[in-house]
Amino acid sequence: MAKSNLGAYQTMVELAKKTNGPVKLGIYILAGGVFIGSVAGAAAGPAVKKGASRTVASVRRRFTTTAAAAGRVYTVSTGADCGAGNYLQVGDRFRIVKEIEEGVLIVLVGEDEPFGMVDPALLSSISDFRRNGKA
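Under the working numbering, the first residue of the sequence shown carries the number 23, and numbering increases by one thereafter.
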């Protein structure tokens, strides 16, 4: 049953009297909160750590570049518009910087800056690049 403001005030006054003052009551409330928080933290800690490690592993799987793909140079055999104003010309050579599910980040041989994200299916159709051994 809910109490009115006056009833809640009376309850706090009674608790303060039983604990020898409002300062001690505050200390007891604070200590109880710390105790409950530490117990809950100790119980939840392994679950949080496990969840965090799963998240990190998921991100690592998403951003994969095999060592063979990273060092290999691929050659463009058919020119294509790669979107966002990027064009690959016949004879352009590129290396893989990063692969993610939606695309491949490439850098042209001789360039310092990455070329951009390119659809892996497009790269497979215009060059000798094959993702995961698939055309």
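Note that beta-carbon positions come from the ideal geometry of N, C-alpha and C, so glycine has one too.
Per-residue DSSP class, three states only, for residue i
| i | result |
| --- | --- |
| phenylalanine 137 | coil |
| arginine 152 | coil |
| alanine 102 | strand |
| valine 56 | helix |
| leucine 41 | It should be noted that the sequence gives threonine, not leucine, for residue 41. In this structure, threonine 41 counts as coil in the three-state DSSP scheme. |
| valine 131 | coil |
| glutamate 124 | coil |
| valine 159 | Here the chain comprises residues numbered 23 to 157, so residue 159 is not present and cannot be evaluated. |
| threonine 87 | Unreliable placement is indicated for threonine 87, whose pLDDT of 49 sits below 50; the coordinate value is still reported in the next sentence. Coil at threonine 87, not helix or strand. |
| alanine 157 | Since pLDDT at alanine 157 reaches only 42, below the 50 mark, its modelled position is unreliable, and no value is offered. |
Residues of its chain near residue i, where Cβ-Cβ distance is below 8 angstroms and the 5 sequence neighbours each way are ignored
| i | result |
| --- | --- |
| valine 112 | Val98, Ser99, Thr100, Gly101 |
Residues of its chain near residue i, where Cβ-Cβ distance is below 6 angstroms and the 5 sequence neighbours each way are ignored
| i | result |
| --- | --- |
| phenylalanine 116 | Tyr96, Ile128, Leu130 |
| arginine 153 | Pro142 |
Cβ-based neighbour list, residue i, same chain, cut-off 7 angstroms, excluding 5 preceding and 5 following
| i | result |
| --- | --- |
| glycine 125 | Met139, Val140, Asp141, Pro142 |
| phenylalanine 151 | Tyr96, Leu145 |
First and last residue of the uninterrupted alpha helix (DSSP H) at residue i
| i | result |
| --- | --- |
| isoleucine 148 | 142 to 148 |
Given residue i as reference, the closest of the options once Cα atoms are compared
| i | options | result |
| --- | --- | --- |
| lysine 120 | Ile148, Phe137, Glu133 | Phe137 |
| aspartate 103 | Ala62, Ser147, Leu28 | Ser147 |
| glutamate 133 | Leu144, Arg153, Asp114 | Asp114 |
| tyrosine 109 | Val61, Ser26, Leu145 | Leu145 |
| leucine 37 | Ser149, Gly59, Tyr50 | Tyr50 |
| serine 149 | Glu135, Gly107, Arg94 | Arg94 |
Endpoints, beta strand (DSSP E) assigned at residue i
| i | result |
| --- | --- |
| arginine 94 | Looking at the DSSP string, arginine 94 is not in any beta strand (DSSP E), and its letter there is neither H nor E. |
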